[in-house]
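Notes follow once the structure below has been shown.
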Amino acid sequence: MDLEELVQQYLFATKIYACIVGIWPFMTQTQKNIRRTYVFSIVVTATVVQVARVVVFFSIQNLIDQIPFLMVAVASIVKYSNYLFNQEKFKDLFNSMVKDWQAKKTQDEEQLMQKYANRSVFFISIYTLNAYFCTSVFFFLPVMPRLMDILIPLNESRPRIQMYPAYYFIENDDDYYYIIMAYTIITLLLAMSIFIASDTILVYAVQHICGLLSLAGYRFKCCLDDLHTLKSNLKIDHVKMYKKVCYAINTHQRALEFLNEIENAYVMNLFIQVGVVVLSFTITLLKVASITWSMDTYPYYGYVIAQFIHIFFLTVQGQFVIDLHDSIYKKGYENYWYNGDVKTQALFILIQRRNLTPPLLTAGGLIQLNLDSFAEIVAKNR
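With the UniProt record's numbering applied, the sequence shown closes on residue 382, and no number is skipped along the way.
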């Protein structure tokens with residue numbers, strides 16, 4: 001399988017959004033520069049006008065109201081900058097995945113890899129739907145006053161509402177309402193594209209690790225299958241068995257190396273992103289706890305749901321790696337290692353000792369991404 005086939009089967013949607021914002025590693029440099037210029041200028045100005053609102057109309061309440069929206073802009077800049085600074089690392093990441101697919105495998109082993117690649121497509125679809133849900137919540141906000149004027153008319157028209165609070169350095173926003181509306185629509189669509197492109201690459205890369213770990217576990221389990229014939233008078237080729245075990249070890253080591261490649265590419269991105277998302281989630285929950293449900297406040301409820309799913313997606317990636325690695329430990333006992341020669345038995349002891357320490361996907365090496373971290377975040381915000 002070459003890169004084109006890999007993208008066509010499993011990363012087609014990711015490529016579309018990555019090309020829109022100019023972070024697809026295999027675009028021409030001219031295409032990257034053009035798209036990065038307008039994307040970065042729009043995202044940065046969106047951050048500036050939100051910060052300006054806090055400064056010009058400073059109050060604790062305004063600050064609390066602004067933080068959830070401001071954190072989206074900050075997260076977009078962090079994600080986007082990470083790809084700009086590490087574009088060669090991401091190109092190497094894709095090339096490494098292609099080499100793993102092109103490595104020699106049996107049909108059963110190929111199906112194992114395909115299983116986790118297909119699972120990544122499912123998770124990418126769920127993440128994309130969540131991103132569209134969150135964006136549509138804000139798109140619907142300016143429509144609400146007009147809709148309420150029709151359903152529950154008042155003596156005068158309800159005031160216009162922006163998609164997110166900001167200060168545009170003008171006296172009356174209504175004079176430029178449609179220009180501001182067009183700008184905010186473009187901003188939200190670009191932010192959505194950045195989130196989808198960056199996070200779905202991570203989702204697929206983690207599932208690729210899961211495929212490699214599953215492949216290693218399968219090879220550990222099957223590498224000594226021939227030893228069941230020890231009860232007969234057939235001669236066992238222990239050298240061949242030893243080489244099979246070494247082959248399984250190399251597969252396991254390759255999975256751990258690929259995890260390090262992901263860590264290197266996402267080290268600061270994940271650390272800052274987790275902090276930003278948790279802060280935004282906390283502030284939004286505080287806001288929801290202090291308001292009652294209405295047509296004016298419904299976006300905060302939708303935003304909480306979207307943030308909850310986002311945090312879950314970030315933390316559960318590390319849990320996938322831990323679970324698959326634990327399965328390797330169990331499969332190490334499911335073969336006939338105890339019937340092998342001393343050299344092979346000693347090798348399996350070392351293997352099992354290594355598997356006692358699972359590999360961890362972390363945010364900057366400080367925050368472990370797993371379900372325990374997710375449960376702790378949710379518990380502290382109850």
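We put the CB at the ideal spot given by N, CA and C, even for glycine. Since the model is a prediction, treat every value here as computed from it, not as a measurement.
Within 10 angstroms of its Cβ, does Ser59 collect 16 or more other Cβ (buried), or is it exposed? It counts as exposed.
Bridge partner(s) assigned by DSSP for Ala363: Ile367
Where does Arg168 sit, in a helix, a strand or coil, going by DSSP? The question names Arg, yet the displayed sequence has Tyr at residue 168. Coil.
Out of Ile377, Lys91, Val98 and Asp108, which has the shortest C-alpha to C-alpha gap to Thr282? Ile377
When every heavy atom of the ligand GTP is checked, does at least one fall within less than 8 Å of the C-beta of Leu70? With respect to the ligand GTP, the structure offers nothing, as it holds no ligand at all.
So is Gln102 buried or exposed if we call it buried at 16+ other beta carbons inside 10 Å? exposed
The stretch 83-95 touching the stretch 23-40, judged by at least three CB pairs closer than 8 Å: Contact between the stretch 83-95 and the stretch 23-40 is present: 3 or more CB-CB pairs across the two stretches fall below 8 Å.
Alpha-carbon to alpha-carbon, Gln319 and Ser373: 10 Å
Which term fits Val55, buried or exposed, when burial requires 16 or more other beta carbons within 10 angstroms of its beta carbon? exposed
How long is the line joining the alpha carbons of Leu270 and Ala363, rounded to whole angstroms? 5 Å
For His208, collect the residues of the same chain with a Cβ closer than 6 Å to its Cβ; drop the 5 residues on either side in sequence, then sort them by chain order. Around His208: Met97.
Secondary structure of Pro299, DSSP reduced to three states: helix
Through-space distance from Ser157 to residue 388, alpha-carbon basis: The first residue shown for the chain is 1 and the last is 382, placing residue 388 beyond what the model contains.
Just to check my reading of the structure: Ile351 and Leu213 have Cβ atoms closer than 8 Å, yes? What is that Cβ distance to the nearest angstrom? Contact flag wrong, Cβ pair sits at about 13 Å.
In whole angstroms, what separates the C-alpha of Thr200 from that of Phe312? 14 Å
Using the rule of at least 16 other Cβ atoms within 10 Å of the residue's Cβ for burial, across every protein chain shown, is Arg254 buried or exposed? Buried, by the Cβ-count rule.
If Ala13 and Ile124 are in contact, beta carbons under 8 Å, what's the gap, nearest whole angstrom? Confirmed, Cβ separation roughly 6 Å.
Short Cβ contact (9 Å threshold) for Phe220 with Ala52: Going by C-beta atoms, Phe220 is not nearer than 9 Å to Ala52.
Distance between beta carbons of Leu188 and Phe122, contact taken as under 8 Å: That pair is no contact at about 25 Å.
For Val342, which option in Val239, Leu314 and Leu360 has the closest C-alpha, if you only look at C-alpha atoms? Considering only alpha carbons, the answer is Val239.
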